[in-house]
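**Student:** Here it is: the structure, laid out below.
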Amino acid sequence: VGLIDGWKYCPRCASVLAGDAARVECAACGFVAYGSSVPGAEAVLLDGEGRVLLGRRRFEPRLGYWDLPGGFLEEGEEPLDALRREVREETQLEVEPLRFLGHWNEPYDGRVVLCLTWLARGLGDPRPGDDLVELKWFAASEIPWDELAFTHYPAALSAGLGKQYAQSAGLDPQLDG
Ligand SMILES: [Zn+2]
878 VGLIDGWKYC PRCASVLAGD AARVECAACG FVAYGSSVPG AEAVLLDGEG RVLLGRRRFE
938 PRLGYWDLPG GFLEEGEEPL DALRREVREE TQLEVEPLRF LGHWNEPYDG RVVLCLTWLA
998 RGLGDPRPGD DLVELKWFAA SEIPWDELAF THYPAALSAG LGKQYAQSAG LDPQLDG
């Protein structure tokens, strides 16, 4: 399922659209939309002891599962500005980026999010925003691998946290170390 799947009518003039999951076009007004991934920014956020911060989701999708702090980029927004803004909204923490970990495509709520993921230090005292039930720092051995919200989190966490975390997840450290 993608962003423009099932679009039938032009959002600009309400005429019938023609096209497919990759591209739709309105013959009446010339409106065109593409089925693009949506960029998001997120952090594997560490405290001074190397523990990682996860938040338990208050809403669907994946209600009750553990989330990395982050969110969608606004149009034209720099990814690191989006990361700082979203982490502040969700945790009240300030972000000190350490290094870029990578990017992952993640199915989310009928679209695909291109997740840009940083390893970062979280500065301050975490307090959960409106879309989280709680925030908690997890040591390597405590990470709830079976209750993570999204499919790329084991790869992102092991990329950010090193071999002992990959081993505690039952992943092959040779793959992700
Ligand atoms: Zn139109």
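Each residue of the sequence shown is one higher than the last, beginning at 878 in the numbering used here. We put the CB at the ideal spot given by N, CA and C, even for glycine. In this text, all values refer to a predicted model and were calculated from it rather than measured experimentally.
#1: Kindly examine ligand 1 and report whether one of its heavy atoms sits closer than 6 Å to the Cβ of R962.
#2: Drop a sphere of 10 angstroms on the beta-carbon of D1078, count the other beta-carbons inside from all chains shown, and report buried for 16 or more, exposed for fewer.
#3: Can you round the beta-carbon distance between L990 and V921 to whole angstroms, since I take them to be within the 8 Å contact cut?
#4: Flag A918 as yes when its Cβ comes closer than 6 Å to any non-hydrogen atom of ligand 1, and as no otherwise.
#5: Can you tell which of E951, E919 and G879 has its C-alpha closest to the C-alpha of L978?
#6: Would you call L993 buried or exposed, if buried means 16 or more other Cβ atoms sit within 10 Å of its Cβ?
#7: Regarding A905 and ligand 1, is the C-beta to nearest heavy atom distance less than 6 Å?
#8: Tell me the residue span of the alpha helix (DSSP H) that contains E966.
#9: Just to confirm, are A895 and E902 a CB contact at a threshold of 7 Å?
#10: Is L996 closer than 7 Å to R965 when the C-beta atoms are compared?
#11: By DSSP, does D1053 sit in helix, in strand, or in coil?
**Tutor:** Taking the coordinates as given:
#1: Relative to ligand 1, the beta carbon of R962 is positioned no closer than 6 Å to any heavy atom.
#2: For the chain, the structure presents residues 878 to 1054; residue 1078 sits outside this window and is missing.
#3: The identity of residue 990 in the sequence shown is Val, whereas the question assumes Leu. Actually they are not in contact, since the Cβ atoms of V990 and V921 sit about 16 Å apart, beyond 8 Å.
#4: A918: no, Cβ never under 6 Å from ligand 1.
#5: In terms of CA proximity to L978, E919 leads the group E951, E919 and G879.
#6: Counting Cβ neighbours within 10 Å, L993 comes out buried, since at least 16 surround it.
#7: At least one heavy atom of ligand 1 is nearer than 6 Å to the Cβ of A905, so yes.
#8: Where E966 is concerned, the enclosing alpha helix (DSSP H) stretches over P956 to T968.
#9: For the 7 Å CB-CB criterion, A895 and E902 form a contact.
#10: Against a cut-off of 7 Å, the Cβ pair of L996 and R965 comes out as no contact.
#11: Residue placement at D1053 is flagged as unreliable, the pLDDT there being 45, under the threshold of 50; a coordinate-derived value is accordingly withheld.
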